[in-house]
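Remarks on the structure that follows.
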Amino acid sequence: MPEGKIRICLLLRCLLAIALGSTVLFPSAIAAARAVGDSTERLMALRAKITALRRDLQQARAAMLDLPLELVERDLFSGTRYLERAEQLAANREYPEIAEFWFDLTAFSLRSASRYLVPSRSVEARGMLIDADAIPKNFAGVRKLVDLLANANFNILLPEAIRRGYTVYPSNWLERDPEFAGAPDVFGELVNYAQRRGLEVHPWIWTLRVRSYDAQRDYGNPVIARFPALAARSDTTERPRFLSPANPGTKQFLLREISELLERYAVDGLFLDYIRYDEETTDDWSSQTAYRLEQLNSWQLPVALDIAKTSEQPASSASLEVERRNYQSWREEQVSRLVREVATLLRKRSGKLTLSAATFRGEHYTRRTKLQNWRYWIDQGYLGFAGSMLYSTDAKEVANWINQETDQGKRNTLLYPILGIHRMDQPAEDLLEQVQVIRQQSQPGILLFAMGHLPPSLLVDLR
Numbered sequence: 015m016p017e018g019k020i021r022i023c024l025l026l027r028c029l030l031a032i033a034l035g036s037t038v039l040f041p042s043a044i045a046a047a048r049a050v051g052d053s054t055e056r057l058m059a060l061r062a063k064i065t066a067l068r069r070d071l072q073q074a075r076a077a078m079l080d081l082p083l084e085l086v087e088r089d090l091f092s093g094t095r096y097l098e099r100a101e102q103l104a105a106n107r108e109y110p111e112i113a114e115f116w117f118d119l120t121a122f123s124l125r126s127a128s129r130y131l132v133p134s135r136s137v138e139a140r141g142m143l144i145d146a147d148a149i150p151k152n153f154a155g156v157r158k159l160v161d162l163l164a165n166a167n168f169n170i171l172l173p174e175a176i177r178r179g180y181t182v183y184p185s186n187w188l189e190r191d192p193e194f195a196g197a198p199d200v201f202g203e204l205v206n207y208a209q210r211r212g213l214e215v216h217p218w219i220w221t222l223r224v225r226s227y228d229a230q231r232d233y234g235n236p237v238i239a240r241f242p243a244l245a246a247r248s249d250t251t252e253r254p255r256f257l258s259p260a261n262p263g264t265k266q267f268l269l270r271e272i273s274e275l276l277e278r279y280a281v282d283g284l285f286l287d288y289i290r291y292d293e294e295t296t297d298d299w300s301s302q303t304a305y306r307l308e309q310l311n312s313w314q315l316p317v318a319l320d321i322a323k324t325s326e327q328p329a330s331s332a333s334l335e336v337e338r339r340n341y342q343s344w345r346e347e348q349v350s351r352l353v354r355e356v357a358t359l360l361r362k363r364s365g366k367l368t369l370s371a372a373t374f375r376g377e378h379y380t381r382r383t384k385l386q387n388w389r390y391w392i393d394q395g396y397l398g399f400a401g402s403m404l405y406s407t408d409a410k411e412v413a414n415w416i417n418q419e420t421d422q423g424k425r426n427t428l429l430y431p432i433l434g435i436h437r438m439d440q441p442a443e444d445l446l447e448q449v450q451v452i453r454q455q456s457q458p459g460i461l462l463f464a465m466g467h468l469p470p471s472l473l474v475d476l477r
């Protein structure tokens, strides 16, 4: 094969890979060895995709959906012809690089057809969680980021404002995140510029978790080092990460930091993350003490709980089980009280502020392991909407989870499922498929986690 044609072929493949959001490009030497074994499998997958798209096109016509079906037909026709060419070259096995180019061109055309078949809605919440690492450190970068998301038709931004016990913005109450040291108030610029572009801004905060560390790095301990008595600790806690929901000082601390945030920035709401007990310390000393004091105040003798590891007066197994349930409900109520207090604070400040929260899926699991009764928060009007974290690479699994969360569609509350791009094997395919599932099940909004995991090419698809 002439060297010039090989170079042109590889250049075109590079351009296609960028358009497809691919991070892997085959050097020609590797491609020659790999393409022969992969071509049959890829041919079958692309044929199946064409068959599925033709079926979807037929169903869209039958349902008279307001979609650009002529563009779907165009891309399907092109993809079919490209695949025929790829099949011929793959069978020949003489020019594997050129065969791979036509396979890539087929995939590009079919991806374009898939985008046009996803129906859009005139009324829909479309939110992007912007992790702090994805927030630029200068105003020009912030405006570019907001423009990208506005042009992709997002209407809600949820920028990370408080994480690991630090603030992204300059604060008089908490330490500023070291990664933003010396940077101007880029968070404030994001809020102001996004609202000028017509987007709502709901700051995303780590509520009860105030510390983060792993085997490689400890990000510091700015809150518990200053307020050690607020930490959720037990006999087994080595390095506490959370504040105890049962400690009265925790409420005072949270309301103070939230008040400062609301005083500094004219935001549209607040998005609570980590509003729960720590799964590593679900039973802490503050909770044990406060619970037993309430029992004494009600003239009840505190019953020993095995999880508390005490040697108090023994109790029968039946009474112990009742006590465990009561204690479980009591701890769950401590989290709910914090949500109520924050909701009250927002209402007092402005009736237009919306409180929301990231919630775990599955009511039984969430209440049992996280002490997070988000359905109750919605029923009581504390939350404007819940963001259930439906992280999966499988659209059918997402559909099943939505059915569980909504009681098979019978529960009429605002639920904006959070789709986890970080869990998707092929974001270019998986995300659009999951978005379509959510719309088919009539959910009123979609949140994406998170900007740092989003391939730039997907912004074009989402638009």
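So the mapping is simple: our numbering equals the position in the sequence shown, first residue as 1, plus 14.
C-beta: ideal position from N, C-alpha, C; glycine also.
#### Entry: Runs of beta strand (DSSP E) lying entirely within the stretch 188 to 247, each at least 3 residues, in chain order
As far as the stretch 188 to 247 is concerned, its whole beta strand (DSSP E) runs of at least 3 residues are 218 to 220.
### Query
What three-state label does DSSP hand Met465 in the structure shown?
By one-based count along the sequence shown, residue 465 stands at place 451. DSSP places Met465 in helix when its eight states are reduced to three.
### Query
Going by the CB atoms, is the gap between Thr295 and Arg247 shorter than 8 Å?
On the sequence shown, position 233 is the one that residue 247 refers to. On the sequence shown, position 281 is the one that residue 295 refers to. Contact flag set, yes.
### Task
Note down, in chain order, each residue of its chain lying with its Cβ closer than 6 Å to the Cβ of Asp191, except the 5 sequence neighbours on either side.
Locating residue 191 in the sequence shown gives position 177, where the first residue counts as 1. The residues are Tyr180 and Val182.
### Query
Given Trp218, which residues of its chain have a CB within under 7 Å of its CB, disregarding the five upstream and five downstream residues?
By 1-based counting over the sequence shown, the position of residue 218 is 204. The residues are Leu143, Leu172, Pro173, Glu174, Ala175, Phe285 and Asp287.
#### Entry: Thr383 versus Ala243: straight-line alpha-carbon distance, rounded
Your numbering for residue 383 matches position 369 in the sequence shown. Your numbering for residue 243 matches position 229 in the sequence shown. One C-alpha to the other measures close to 24 Å.
### Query
Which whole-angstrom value is the C-beta distance of Arg361 and Leu276, which I expect to be below 8 Å?
Within the sequence shown, residue 361 is the residue found at index 347, counting from 1. Within the sequence shown, residue 276 is the residue found at index 262, counting from 1. Rounded, the Cβ-Cβ distance is 12 Å, inconsistent with contact.
### Query
What residues are listed by DSSP as bridge partners for Ser370?
Sequence index remark: in the sequence shown, residue 370 carries index 356 (1-based). Looking at the DSSP assignment, Ser370 forms a beta bridge with Phe285 and Phe399.
### Message
With H, G and I counted as helix, E and B as strand and the rest as coil, what does DSSP make of Ile321?
### Response
On the sequence shown, residue 321 is found 307 positions in, with the first residue counted as 1. Annotation note: pLDDT 47 at Ile321 (below 50); position unreliable, no value reported.
### Task
Check each candidate in Glu193, Gly466 and Gln342 and name the one with the smallest Cα separation from Ala260.
Counted from its first residue, the sequence shown places residue 260 at position 246. Nearest in C-alpha terms to Ala260, of all of Glu193, Gly466 and Gln342, is Gln342.
### Query
How many Å lie between Gly398 and Ser370 at the Cα?
Here residue 398 refers to the residue found at position 384 when the sequence shown is read from its first residue. Here residue 370 refers to the residue found at position 356 when the sequence shown is read from its first residue. Going by the C-alpha atoms only, they are around 6 Å apart.
### Task
Measure how close the beta-carbons of Arg9 and Ser331 come, nearest whole angstrom, since I'm counting them as under 8 Å.
Outside the displayed span of the chain (15 to 477) sits residue 9, for which this structure offers no information.
### Query
Glu84 to Leu131, Cα distance in whole Å?
Stepping through the sequence shown from its first residue, residue 84 is reached at position 70. Stepping through the sequence shown from its first residue, residue 131 is reached at position 117. Near 11 Å, if we compare the C-alpha coordinates of Leu131 and Glu84.
### Query
So, are the CB atoms of Leu446 and Leu433 less than 8 Å apart?
Counting from 1 along the sequence shown, the entry for residue 446 is found at position 432. Counting from 1 along the sequence shown, the entry for residue 433 is found at position 419. Contact: no.
### Query
Applying the criterion that 16 or more other CB atoms from any shown protein chain within 10 Å of the CB defines a buried residue, is His378 buried or exposed?
The residue labelled residue 378 in the question sits at position 364 within the sequence shown. Note on His378: under 16 other CB atoms within 10 angstroms of its CB, so exposed under the neighbour-count rule.
### Buried or exposed by the 16-neighbour rule on C-beta atoms within 10 Å, applied to Met438
Along the sequence shown, one-based indexing puts residue 438 at 424. It is buried - the Cβ of Met438 has at least 16 other Cβ atoms within 10 Å.
### Message
Checking 8 Å against the spacing of the C-beta atoms, do Gln209 and Val200 come in under that value?
### Response
In the sequence shown, the residue the question calls residue 209 occupies position 195. In the sequence shown, the residue the question calls residue 200 occupies position 186. In this structure, Val200 does not lie closer than 8 Å to Gln209 by Cβ.
#### Entry: Rounded straight-line distance, which links the Cα of Ile64 to that of Leu124
Walking along the sequence shown from the start, residue 124 turns up at place 110. Walking along the sequence shown from the start, residue 64 turns up at place 50. C-alpha separation (whole angstroms): 7 Å.
### Query
Taking Cβ to Cβ, would you say Ser471 is nearer than 8 Å to Ala442?
Position 457 of the sequence shown, counted from the first residue, corresponds to residue 471. Position 428 of the sequence shown, counted from the first residue, corresponds to residue 442. Taking 8 Å as the cut-off, the Cβ atoms of Ser471 and Ala442 count as close.
### Task
Would you grab the beta carbon distance between Leu404 and Trp415 for me? Rounded to a whole angstrom, and I think it's under 8 Å.
By 1-based counting over the sequence shown, the position of residue 404 is 390. By 1-based counting over the sequence shown, the position of residue 415 is 401. Correct: roughly 5 Å between the Cβ atoms.
### Query
Hey, out of Gly263, Leu468 and Leu461, whose CA is closest to Phe168's CA?
In the sequence shown, residue 168 corresponds to position 154, counting from 1. Nearest of Gly263, Leu468 and Leu461 to Phe168, Cα basis: Leu461.
### Query
By DSSP, does Asp80 sit in helix, in strand, or in coil?
Translated into positions along the sequence shown, residue 80 becomes position 66. Coil, per DSSP.
### Query
DSSP three-state call for Met58: helix, strand or coil?
Counted from its first residue, the sequence shown places residue 58 at position 44. DSSP, reduced to helix, strand and coil, places Met58 within a helical segment of the structure shown.
### Task
Determine the direct distance from the alpha carbon of Ala59 to that of Ile289, and round the result to whole angstroms.
Position 275 of the sequence shown, counted from the start, is the residue given in the question as residue 289. Position 45 of the sequence shown, counted from the start, is the residue given in the question as residue 59. Their Cα atoms are separated by approximately 43 Å.
### Query
Is Glu203 closer than 8 Å to Phe153 when the C-beta atoms are compared?
In the sequence shown, the residue the question calls residue 153 occupies position 139. In the sequence shown, the residue the question calls residue 203 occupies position 189. In contact: Phe153 and Glu203 (Cβ atoms closer than 8 Å).
### Message
Strictly by DSSP, which residues pair up with Pro173?
### Response
Counted from its first residue, the sequence shown places residue 173 at position 159. Note: Pro173 sits in a beta bridge opposite Ile144.
#### Entry: Coarse secondary structure for Phe256, derived from DSSP in three states
Here the question's residue 256 lines up with position 242 in the sequence shown. Phe256: strand per DSSP, three-state reduction.
#### Entry: Alpha-carbon spacing of Arg278 relative to Leu352, whole angstroms
As a position in the sequence shown, residue 278 is number 264, starting the count at 1. As a position in the sequence shown, residue 352 is number 338, starting the count at 1. Their backbone Cα atoms lie some 22 Å apart in a straight line.
### Whether Leu162 touches Pro150 by CB criterion (8 Å)
Taking the sequence shown and counting its residues from 1, one reaches residue 162 at position 148. Taking the sequence shown and counting its residues from 1, one reaches residue 150 at position 136. No, these two residues do not count as a Cβ contact at 8 Å.
### Query
Who are the Cβ neighbours of Gly263 in its own chain at under 6 Å, not counting the five residues just before and after it?
Stepping through the sequence shown from its first residue, residue 263 is reached at position 249. Excluding sequence neighbours, Gly263 sits near Leu244.
### Query
What is the rounded straight-line gap between the Cα of Leu468 and the Cα of Gln386?
As a position in the sequence shown, residue 468 is number 454, starting the count at 1. As a position in the sequence shown, residue 386 is number 372, starting the count at 1. Each residue's Cα considered, the two are about 28 Å apart.
### Task
Rounded to whole angstroms, what's the CA-CA distance from Arg61 to Arg68? Just pull it up for me.
Counting from 1 along the sequence shown, the entry for residue 61 is found at position 47. Counting from 1 along the sequence shown, the entry for residue 68 is found at position 54. Going from the Cα of Arg61 to the Cα of Arg68 covers about 11 Å.
### Same chain, Cβ closer than 6 Å to Glu98, five either side skipped, listed in chain order
Numbered from its first residue, the sequence shown carries residue 98 at position 84. Here the set comprises nothing.
### Task
Could you name the residues that DSSP lists as bridge partners for Thr295?
Here residue 295 refers to the residue found at position 281 when the sequence shown is read from its first residue. DSSP lists Asp292 as partners of Thr295.
### Task
Name, in chain order, the residues that DSSP records as bridge partners for Leu429.
Here residue 429 corresponds to residue number 415 of the sequence shown, with the count starting at 1. Answer is Ala400, bridged to Leu429.
### Task
Pull up the CB-CB distance for Ala409 and Thr373, whole angstroms please, since I reckon it's below 8 Å.
Looking up residue 409 in the sequence shown gives position 395. Looking up residue 373 in the sequence shown gives position 359. Between Thr373 and Ala409 the Cβ distance is about 20 Å, and since that is not below 8 Å, they are no contact.
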